[in-house]
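Notes follow the structure.
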Amino acid sequence: MKTYNHLITALILLNVLFIIGCSNPSSTEVEDNRSAGVEVGKEQGQAFISDEASAPNILNIAVKSADHSTLVAAVQAADLENALVNAGPLMVFAPTNAAFDALPEGTVESLLKPENKDALANILKYHVTPGNYDKEFLKKFKKLGQANDQSVSVDVDGDDVYVGGAKIIASIPASNGIIHVVDKVILPPQ
């Protein structure tokens, strides 16, 4: 599992290097389906390539989901868009807007500030695991290694699967992995 964590870290670093190598800056306001006040400074890398013929990747699906606008705003604020469009396979445990709303008042707004970018990125990486396992297969695991080099528990209660205490309420296949929609934000241990 540690090898997978190193692999995902290497892929993220490669995407960062790719972004640095590209240079086509433009500033665009975020579309209506995303949280207000978040601006994309540079549209670079794979995350901004539009392709109607290919199956949607994890980021494409999240952007089009009205239930994940807060997650998309957080991914943008942490500059992690390109990590969610890489070849994968990735499992993303995607909290709904209601899950973010359940956090203490002011938490989301604080995390979206530029000075909290590293903390936000750590939380978001705690929602990503290398692999492409459906909910049924996840029942075989006790722990998963996350992209932030920490582990999260997997618990089963009947047909329900919980990852870090968050219940998987839906699963959506993507071209580069799978999105497991969860009912709460999974916070890494301190």
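For reference, each letter of the sequence shown is one residue, going 5 to 194 in my numbering. We put the beta carbon where it would ideally sit given N, CA and C, even for glycine.
Self-check item: Simplified DSSP state of Pro-177, which is helix, strand or coil
Solution: Against the sequence shown, residue 177 aligns to sequence position 173. Three-state result, Pro-177: strand.
Quiz prompt | Straight-line gap, Leu-142 to Met-95 (C-alpha atoms, nearest Å) | solution = Here residue 142 refers to the residue found at position 138 when the sequence shown is read from its first residue. Here residue 95 refers to the residue found at position 91 when the sequence shown is read from its first residue. When rounded, the distance between both Cα atoms is 11 Å.
Quiz item: By a C-beta neighbour count over all protein chains shown, 10 Å radius and 16 as the cutoff for buried, is Pro-118 buried or exposed?
Solution: The residue labelled residue 118 in the question sits at position 114 within the sequence shown. Of the other Cβ atoms in all chains shown, fewer than 16 fall within 10 Å of the Cβ of Pro-118; this residue is therefore exposed.
Quiz item: So what does His-184 bridge to, in DSSP terms?
Solution: As a working note, residue 184 is residue 180 in the sequence shown. Phe-97, Ser-175, per the DSSP bridge assignment.
Exercise. May I ask which residues mark the beginning and end of the beta strand (DSSP E) holding Ser-155?
Key: In the sequence shown, residue 155 corresponds to position 151, counting from 1. Taken as a continuous stretch (DSSP letters only), the beta strand (DSSP E) holding Ser-155 covers 155 to 161.
Quiz item: Where does Pro-134 land, buried or exposed, given buried means 16+ other C-beta within 10 angstroms?
Solution: In the sequence shown, residue 134 corresponds to position 130, counting from 1. The residue in question, Pro-134, is buried, as its Cβ has 16 or more Cβ neighbours within 10 Å.
Quiz prompt | Pro-193, buried or exposed, once every other Cβ within 10 Å from all chains shown has been counted against 16 | solution = Sequence index remark: in the sequence shown, residue 193 carries index 189 (1-based). Classification of Pro-193: exposed, given that the 10 Å Cβ count is below 16.
Quiz item: Grouping DSSP H, G and I as helix and E and B as strand, with all else coil, what is Gln-48?
Solution: For the purposes of this step, residue 48 is taken as the residue at position 44 of the sequence shown. Here the model assigns Gln-48 a pLDDT of 47, short of 50, so the residue's position is not dependable, and the following value carries that caveat. Three-state result, Gln-48: coil.
Exercise. Determine the direct distance from the alpha carbon of Leu-107 to that of Asp-71, and round the result to whole angstroms.
Key: Taking the sequence shown and counting its residues from 1, the one referred to as residue 71 is at position 67. Taking the sequence shown and counting its residues from 1, the one referred to as residue 107 is at position 103. The alpha-carbon of Asp-71 is positioned some 16 Å away from that of Leu-107.
Self-check item: Any non-hydrogen atom of the ligand FAD closer than 7 Å to Ala-170 Cβ
Solution: Of the ligands one can find in the structure shown there are none, so the ligand FAD has no counterpart to examine.
Quiz item: Val-82: buried (16+ other C-beta within 10 angstroms of its C-beta) or exposed?
Solution: Position 78 of the sequence shown, counted from the first residue, corresponds to residue 82. Here residue 82 turns out to be Ala, not Val, going by the sequence shown. Buried, since its Cβ has 16 or more Cβ neighbours within 10 Å.
Quiz prompt | Sheet register partners of Gly-149 (DSSP bridge) | solution = Here residue 149 corresponds to residue number 145 of the sequence shown, with the count starting at 1. Note: Gly-149 sits in a beta bridge opposite Ser-155.
Quiz item: With 16 as the cutoff for other CB atoms within 10 Å, does Glu-109 come out buried or exposed?
Solution: Along the sequence shown, one-based indexing puts residue 109 at 105. Exposed: under 16 other Cβ atoms inside 10 Å.
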